[in-house]
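Numbering-wise, the sequence shown is residues 696 to 1087 according to this note's numbering. Using N, Cα and C, we set each Cβ at its ideal position, and we do this for glycine too. In this text the structure is predicted, and so the values were computed from the model without any measurement. The next block holds one structure in the form of structure tokens; read it before the comments.
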Amino acid sequence: MMAIFDKFQALAETRRELEKSASSFFNIVWEEIISGTEAVVNGRRVILAGSNNYLGLSFDSDCIEAACQAARQEGTGTTGSRMANGTFSGHVALEKELADYFGRQRAIVFSTGYVANLAILSTVVGPGEIILLDADCHASIYDGCRLGGAEVIRFRHNDAEDLEKRLRRLEKRNTNVLIVAEGLYSMLGDRAPLADIVAVKQKYGAYLMVDEAHSLGVLGDNGRGLAEEAGVEDGVDFVVGTFSKSLGAIGGFCVSNHPELDLVRYASRPYVFTASSSPSIIGSTRQALKFMSARPELRRQLWENANLLYQHLQGLDLDVGPEPSPIVAVRYDKKEEAFAIWNGLLERGVYVNLVLPPATPDGNSLLRSSVSAAHTRQQMEHICKSFSETVT
Ligand SMILES: Cc1ncc(COP(=O)(O)O)c(C=O)c1O
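In structure tokens:
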């Protein structure tokens, strides 16, 4: 009989191979967090160029103060599910503030963005119904689909024509179809063609859910994401997002105008069977949410940094993603090459994410950088210079 971990032999072999060229990859521990853009790893001070801290709010003094105050007043944890003893007044207030911010009637807060996707996708559609999802959607979306019982069909990434072809074939099925796309895709930072997707959805009477995890705070005049930027918010039935990126905390949400959204609270296992967010998280997130539209200068700075890095890497002839965005990814055919550059950057004091297949689109290996409004000009120049020295 096989031993219980034998099925991971291929994975273990890949790990052994990679460890030969960059053992530090598997031992990244942030020994000291200096700020939202700097930390110490293996005794070395590095610039964080791989976090999703787009607006730099994880170190904002008002957000920190709000977190501390909430912890002092309400304790370190709720020690219970939203359905039992875990709904504090802060959870309810945040839901109202999210609904107001998005101009929607209803909002539900979840413990993480991952849980938000599990909850909505496993509950809103079920057996006999259909989810049509962009092939490059995040793992949490795939897992949510798996947890429910709906039939899952993928359409080609960012291809509204392929989506329409599939909707046309489904017309005779006479069942609910939920289309799922993301605002900015997490690996390459490209936008969904949302106006086209909304037009197709309306033509075929489908529903649309957009995960704005990476676009909240990043796109739109008020930071509401791609739907705001594209002027199609009315065409999106469910917006899902996370607190773990622009809002600088951890948690997830769904907003919708659907009058029955609250039924998810009773029918969804990922809502019912997990503890609710701690008061400090709710406190800092409520403060960060206020900054989304009140501090547009953060978004301007973020885009200045994003354009700078994208153009610099393009100028180095690297295979960057299709459009400038705060996520600046470089594609490599060979993981060894991506690994060597990742290592070279780390030696120069720059940390970016190394993402290997199958977590990447098209089987490429990716060096995924991401920038923050909090990166200073000096830090941005150091990141650019480090890339120049490492890739040439
Ligand atoms: C598109 C997308 N959705 C959901 C999530 C999950 O968010 P969280 O980290 O809050 O669980 C992520 C996380 O990276 C993501 O990229």
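query: At a cut-off of 6 Å, is residue 745 close to ligand 1 when judged by its beta-carbon and the heavy atoms of the ligand?; result: no
query: With a threshold of 7 Å on Cβ separation, who are the neighbours of residue 859 within its own chain once the five nearest residues in sequence on each side are excluded?; result: 895
query: Check each candidate in 1037, 1021 and 1077 and name the one with the smallest Cα separation from residue 750.; result: 1021
query: Just reading off the beta strand (DSSP E) that residue 726 is part of, what are its end residues?; result: 725 to 728
query: Do residue 972 and ligand 1 come close, with the Cβ less than 6 Å from some heavy atom?; result: no
query: Should residue 1065 be listed as close to ligand 1, given that the test is whether its C-beta is under 6 Å from any heavy atom?; result: no
query: Determine the contact status of residue 975 and residue 765, defining contact as a CB-CB distance below 7 Å.; result: yes
query: Buried or exposed for residue 1037, going by 16 or more other Cβ atoms inside 10 Å?; result: buried
query: Spell out a yes or no on whether the region 977 to 997 and the region 821 to 833 are touching, meaning 3 or more CB-CB pairs, one atom from each, closer than 8 Å.; result: no
query: Threshold first: 4 residues or longer. Then list the alpha helix (DSSP H) segments lying entirely within the region 808 to 884, N to C.; result: 808 to 818, 834 to 842 and 855 to 865
query: Counting beta carbon pairs with one atom in the region 910 to 928 and one in the region 1049 to 1066, are three or more of them shorter than 8 Å?; result: no
query: With a threshold of 6 Å, establish whether the CB of residue 835 neighbours any heavy atom of ligand 1.; result: yes
query: By the three-class DSSP mapping on this structure, what secondary structure does residue 1039 have?; result: helix
query: Just tell me which of 886, 775, 773 and 868 has its CA closest to the CA of residue 829.; result: 886
query: Below 6 Å, is the gap between the Cβ of residue 809 and the nearest heavy atom of ligand 2?; result: Questions concerning ligand 2 fall outside what the structure shown contains, since the ligands it does hold are ligand 1.
query: Would you mind reading off the limits of the alpha helix (DSSP H) that contains residue 756?; result: 756 to 769
query: Would you call the region 875 to 891 in contact with the region 924 to 931, where contact means no fewer than 3 C-beta pairs closer than 8 Å?; result: yes
query: Tell me whether the beta-carbon of residue 1062 lies closer than 7 Å to the beta-carbon of residue 1047.; result: yes
query: Would the C-beta of residue 877 count as close to ligand 1, meaning under 6 Å from any of its heavy atoms?; result: yes
query: Expressed to the nearest angstrom, what Euclidean distance is found between the alpha-carbon atoms of residue 907 and residue 797?; result: 12 Å
query: Roughly how many whole angstroms lie between the Cα atoms of residue 774 and residue 1079?; result: 45 Å
query: Would you give the residue range spanned by the beta strand (DSSP E) that residue 803 belongs to?; result: 801 to 805
query: Note the first and the last residue of the continuous beta strand (DSSP E) segment covering residue 1060.; result: 1060 to 1065
query: Once you ignore the five residues that flank residue 868 on each side, which residues in its own chain have a CB closer than 8 Å to its CB?; result: 825
query: CA-CA distance, residue 673 and residue 815?; result: This structure leaves residue 673 out entirely; the chain is present only between 696 and 1087.
query: DSSP puts residue 743 in a beta bridge; with which residues?; result: 1046
query: With DSSP collapsed to three states, give me the class of residue 697.; result: coil
query: Exposed or buried, what is residue 809 when buried is set at 16 or more other beta-carbons lying within 10 Å of its beta-carbon?; result: buried
query: Excluding the 5 residues flanking residue 1051 on each side, which residues of the same chain have their C-beta closer than 7 Å to its C-beta?; result: 1030 and 1060
query: Compute the minimum distance between the beta carbon of residue 910 and the heavy atoms of ligand 1, and state whether it is under 6 Å.; result: no
query: Tell me which residues share the same chain as residue 967 and place their Cβ nearer than 7 Å to its Cβ, disregarding the 5 neighbours each side in the sequence.; result: 776 and 778
query: Note down the Cα distance separating residue 959 from residue 938, rounded to an integer number of angstroms.; result: 20 Å
query: I'd like the list of long-range same chain contacts for residue 1071, defined as Cβ closer than 8 Å, with 5 residues on each side in sequence excluded.; result: 732
query: Assign residue 734 to one of three DSSP states: helix, strand, or coil.; result: strand
query: How many Å lie between residue 726 and residue 735 at the Cα?; result: 5 Å
query: Below 6 Å, is the gap between the Cβ of residue 906 and the nearest heavy atom of ligand 1?; result: yes
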